[in-house]
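Undergrad: Before we start, here is the structure in question, set down as structure tokens.
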Amino acid sequence: MSSRALNRVLNRVHLNGLRAVESVARCGSLVKAAEELGVSASAVSQQIGRTEAQLGRAIFQRTGAGLALTAFGAEFCARLTTGFQELGRAVALADEAVSNVLVVSVAPAFASRFLVPRLNRFNQRHPEIKLRIDASTGLVDLDHSDVDLAIRMGDGTWPDVRAELLLAQEVFPVCAPALAAKLKEPADLTHLPVIADESTMISWERWFEAAGLAKPFPVQRAGPSFTDPILGIDAAVGGQGVALAWQLLSADALADGRLVAPFGITVASGLGYYLVSSRLGRPGRKVRDFTTWLREEVAATMARFGTRAK
Numbered sequence: 013m014s015s016r017a018l019n020r021v022l023n024r025v026h027l028n029g030l031r032a033v034e035s036v037a038r039c040g041s042l043v044k045a046a047e048e049l050g051v052s053a054s055a056v057s058q059q060i061g062r063t064e065a066q067l068g069r070a071i072f073q074r075t076g077a078g079l080a081l082t083a084f085g086a087e088f089c090a091r092l093t094t095g096f097q098e099l100g101r102a103v104a105l106a107d108e109a110v111s112n113v114l115v116v117s118v119a120p121a122f123a124s125r126f127l128v129p130r131l132n133r134f135n136q137r138h139p140e141i142k143l144r145i146d147a148s149t150g151l152v153d154l155d156h157s158d159v160d161l162a163i164r165m166g167d168g169t170w171p172d173v174r175a176e177l178l179l180a181q182e183v184f185p186v187c188a189p190a191l192a193a194k195l196k197e198p199a200d201l202t203h204l205p206v207i208a209d210e211s212t213m214i215s216w217e218r219w220f221e222a223a224g225l226a227k228p229f230p231v232q233r234a235g236p237s238f239t240d241p242i243l244g245i246d247a248a249v250g251g252q253g254v255a256l257a258w259q260l261l262s263a264d265a266l267a268d269g270r271l272v273a274p275f276g277i278t279v280a281s282g283l284g285y286y287l288v289s290s291r292l293g294r295p296g297r298k299v300r301d302f303t304t305w306l307r308e309e310v311a312a313t314m315a316r317f318g319t320r321a322k
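Residue numbers (our numbering): 13 to 322.
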């Protein structure tokens, strides 16, 4: 039978009626079918009657013991069961595709400098999880979006979310090796152009104080200014001056020698990276798998970082 002919046949019969017929045939009674479908037994009986009328054939014989399949009904319902099983598998494919997608909201700087270079290891460990990175600086509404997890930098006091500290942020100066070779003591940093991050919440004064410099702190030379911390780090790698950085943003450049953290002095910023999720319900397995992997990557990176910056 052609597709057009099949469509004409299917258009004669309501899907709810077919479901009722299949359920009764499989369950063996109106009552059990009604429980499965969540309706009354009389509603199931009415659906069967309408379907038989639409088909022009009797599916069940009415007996004193209940409903019994006719010869036509037995073959018809066997095919219905197969058909509904295939429909169920088709819908399950869509559910599986959605359930296996993990959406992570993260600032572009963290994604670019830390997360993306390491994602291959996550994909190898969890090939069943399809990861989607939502790179944005906005605070996404975790209760009313498709985002499963956010990685935020701050003090962890965002309202109406679950926030778990990933890494407390420490700050320190970084510069290219050629510039670092000219430095003998912390005050020498004032002779280098200072690369400014216009969006930062951290000032140099805290680091100068940790380095033991007396107030008033030394006046620094103004260098290039950026609104994106990544550009500031790139400028430092390019030898354009000294920048105030933090661990995960600069760890790889420190590890491969493109940057140097002179003097090995770091200072707590009062901020940190946090894993943030909705308070509505417990995080699912895909979120737990991702956060476990991410914590391992942070720990491994910090182990290498400790040999470079301290």
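In this text, a Cβ means the ideal position worked out from N, Cα and C, and glycines have one as well.
1. Considering just the uninterrupted stretch of the beta strand (DSSP E) at residue 75, what are its terminal residues?
2. If you pair each beta-carbon of the segment 183-194 with each one of the segment 137-145, do three or more pairs fall below 8 Å?
3. If you scan the segment 221-284 from start to end, which runs of the beta strand (DSSP E) of 3 or more residues do you find wholly inside it?
4. Could you compute how far the alpha carbon of residue 176 sits from the alpha carbon of residue 310?
5. Taking the C-alpha atoms as reference points, what is the distance between residue 160 and residue 185?
6. Can you list, in chain order, the stretches of the beta strand (DSSP E) that have 3 or more residues and sit fully within the segment 160-203?
7. Run through DSSP, which three-state label would residue 323 get?
8. What are the boundary residues of the alpha helix (DSSP H) that residue 125 is part of?
9. Please state whether DSSP places residue 26 in a helix, a strand or coil.
10. Under 7 Å Cβ to Cβ from residue 24, same chain only, skipping five residues before and after it: list those, please.
11. Around the Cβ of residue 244, are there at least 16 other Cβ atoms within 10 angstroms (buried) or fewer (exposed)?
12. Taking only runs that begin and end inside the segment 137-161, name each unbroken beta strand (DSSP E) of 3 or more residues, in chain order.
13. Could you tell me the alpha carbon to alpha carbon distance between residue 208 and residue 249, rounded to whole angstroms?
14. Give the DSSP bridge partners of residue 81, in chain order.
15. Ignore the nearest five residues each way along the sequence and tell me which others in residue 126's own chain have a CB closer than 6 Å to its CB.
16. Quick check on residue 214: does DSSP put it in helix, strand or coil?
17. According to DSSP, simplified to helix, strand and coil, what is residue 108?
18. Measure the CB-CB distance between residue 87 and residue 112 and report whether it falls below 9 Å.
19. Which residues in the same chain have their Cβ closer than 8 Å to the Cβ of residue 277, if we skip the five residues on either side of it in sequence?
20. Buried or exposed for residue 213, going by 16 or more other Cβ atoms inside 10 Å?
21. Is DSSP giving residue 43 helix, strand or coil here?
22. Shortest alpha-carbon distance to residue 156 belongs to which of 167, 173, 164?
23. Going along the chain, which residues of its own chain have a beta-carbon closer than 7 Å to the beta-carbon of residue 291, five neighbours each way excluded?
24. When we look at the beta-carbon of residue 234 and count the other beta-carbons within 10 Å, is it buried (16 or more) or exposed?
25. Decide if the segment 121-135 is in contact with the segment 54-72; the criterion is three or more beta carbon pairs, one per stretch, under 8 Å apart.
26. Mapping the DSSP letters down to three states, classify residue 117 as helix, strand or coil.
27. Roughly how many angstroms separate the alpha carbons of residue 302 and residue 79, rounded to a whole number?
28. Measuring CB to CB, does residue 89 end up less than 9 Å from residue 33?
29. Classify residue 284: buried if its beta carbon has 16 or more other beta carbons within 10 angstroms, exposed otherwise.
30. Can you say whether residue 169 is buried or exposed, counting buried as having 16 or more other CB atoms within 10 angstroms of its CB?
TA: Here's the rundown:
1. Boundaries of the beta strand (DSSP E) around residue 75: 72-75.
2. No contact exists between the segment 183-194 and the segment 137-145.
3. Here the runs fully enclosed are 233-238, 254-258.
4. Those two C-alpha atoms are separated by around 14 Å.
5. Cα to Cα, residue 160 sits roughly 34 Å from residue 185.
6. Entirely contained in the segment 160-203, the beta strand (DSSP E) runs reaching 3 residues are, in chain order, 161-166, 173-186.
7. The displayed coordinates of the chain run from 13 to 322. Any statement about residue 323 would go beyond what the structure contains.
8. It is not in any alpha helix (DSSP H) - residue 125 carries neither H nor E in the DSSP assignment.
9. Of the three classes helix, strand and coil, the one that applies to residue 26 here is coil, per DSSP.
10. Here residue 24 has 66 as same chain residues with Cβ atoms under 7 Å from its own Cβ, once five neighbours each way along the sequence are excluded.
11. Residue 244 counts as buried, since at least 16 other C-beta atoms from the protein chains shown sit within 10 angstroms of its C-beta.
12. Correct list: 142-147.
13. CA-to-CA, the gap between residue 208 and residue 249 works out to about 14 Å.
14. For residue 81, the pairing in a beta bridge is given by DSSP as 72.
15. If we look at residue 126 and ignore the five residues flanking it on each side, its Cβ neighbours are 260.
16. Coil at residue 214, not helix or strand.
17. For residue 108, the predicted model reports a pLDDT of 47, less than 50, meaning its position is unreliable; a value from the coordinates is still stated below. Residue 108 falls in the helix class under three-state DSSP.
18. No, they are not a contact pair.
19. Cβ-Cβ distances below 8 Å link residue 277 to 184, 198, 219, 222, 223 in the same chain, with the five nearest sequence neighbours on each side left out; the list follows chain order.
20. By the neighbour-count rule (16 or more Cβ atoms within 10 Å), residue 213 is not buried but exposed.
21. The answer is helix: DSSP assigns residue 43 an H, G or I state.
22. Nearest Cα to residue 156 within the set 167, 173, 164: 173.
23. Answer for residue 291: 172, 173, 174, listed in chain order.
24. Exposed.
25. Taking 8 Å as the limit for Cβ pairs, the verdict is that the segment 54-72 does not touch the segment 121-135.
26. Reduced to three states, the DSSP call for residue 117 is strand.
27. Looking at the two C-alpha atoms, the distance is approximately 53 Å.
28. Result yes, Cβ atoms of residue 89 and residue 33 sit closer than 9 Å.
29. Flag for residue 284 reads buried.
30. Exposed, because fewer than 16 other Cβ atoms sit within 10 Å of the Cβ of residue 169.
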